Ligand SMILES: [Zn+2]
Ligand SMILES: [Zn+2]
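Residue numbers (the numbering used here): 11 to 203.
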């Protein structure tokens, strides 16, 4: 593992700026990996880790920097729950831990540094100094990871009976005996013009 400051320097480049969310994200990931005993997530342990994030905000980029888990490697899973939390799954041991930022940490930041007017500056300093247990709640959890969720999964590609597009990783669904992609099955997030 690198130090907090080393990760923050990398996170600042990856994310475009340094903010309270970066500090929270870096610390959240460092805490989770420490709990799992994963020391070299981007080196020798890089195939050991899958990370679930529950928000698409600043901290998410920072979590990606520390863990090395990225969407394009299938090691980063996004659950759009709007919560500042992430779960780290150790594929080697099967252990998983969910870390969530405590609601009370914002109030604590105000109490720690009432002299700082800017909320962002206040949180940036306090989130560096705060104890892990004041910042985060932790929960050991079990994560069922089907074969197709593993980063290295190799499966056949299915063609949608409606649109003819290829579907990977068993994302096809059956409707009235036809094999469809999720868009054709009714989960479209877009409307053709
Ligand atoms: Zn940010
Ligand atoms: Zn389709």
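Glycine included, C-beta positions come from ideal geometry on N, C-alpha and C. Here the structure is a predicted model, which is why all the values come from computation and not from measurement.
Cβ-based burial, residue i [other Cβ within 10 Å; buried from 16]
| i | result |
| --- | --- |
| residue 74 | buried |
| residue 107 | buried |
| residue 175 | exposed |
| residue 76 | buried |
| residue 203 | exposed |
| residue 51 | buried |
| residue 37 | buried |
| residue 173 | exposed |
| residue 25 | buried |
| residue 81 | exposed |
| residue 200 | exposed |
| residue 65 | buried |
Within-8 Å CB hit, residue i to chain C
| i | result |
| --- | --- |
| residue 114 | Any reference to chain C falls outside this structure, which holds one protein chain only. |
C-beta contact flag for residue i and residue j at 8 Å
| i | j | result |
| --- | --- | --- |
| residue 98 | residue 145 | no |
| residue 148 | residue 96 | no |
| residue 181 | residue 192 | yes |
| residue 46 | residue 63 | no |
| residue 56 | residue 35 | no |
| residue 183 | residue 195 | yes |
For residue i, three-class secondary structure by DSSP
| i | result |
| --- | --- |
| residue 19 | helix |
| residue 119 | helix |
| residue 153 | coil |
| residue 196 | helix |
| residue 138 | helix |
| residue 103 | coil |
| residue 82 | helix |
| residue 184 | strand |
| residue 62 | strand |
| residue 67 | coil |
| residue 34 | helix |
| residue 203 | coil |
| residue 126 | coil |
| residue 179 | coil |
| residue 12 | coil |
| residue 28 | coil |
| residue 146 | strand |
When the options are compared against residue i, the one with the closest alpha-carbon
| i | options | result |
| --- | --- | --- |
| residue 114 | 125, 174, 142 and 191 | 142 |
| residue 43 | 82, 67 and 105 | 105 |
| residue 140 | 165, 112 and 127 | 112 |
| residue 164 | 178, 23, 53 and 125 | 178 |
| residue 40 | 109, 167, 152 and 57 | 109 |
| residue 48 | 100, 67 and 82 | 100 |
| residue 67 | 102, 83, 27 and 150 | 27 |
| residue 150 | 22, 14 and 103 | 103 |
| residue 168 | 155, 153 and 190 | 190 |
Practice problem: Give a yes or no on contact between the region 88 to 95 and the region 135 to 142, applying the rule of three or more CB pairs nearer than 8 Å. | Solution: no
Self-check item: Three CB pairs or more closer than 8 Å across the region 26 to 34 and the region 65 to 82
Solution: yes
Quiz item: Is the number of C-beta pairs between the region 110 to 122 and the region 150 to 161 that are closer than 8 Å three or more?
Solution: no
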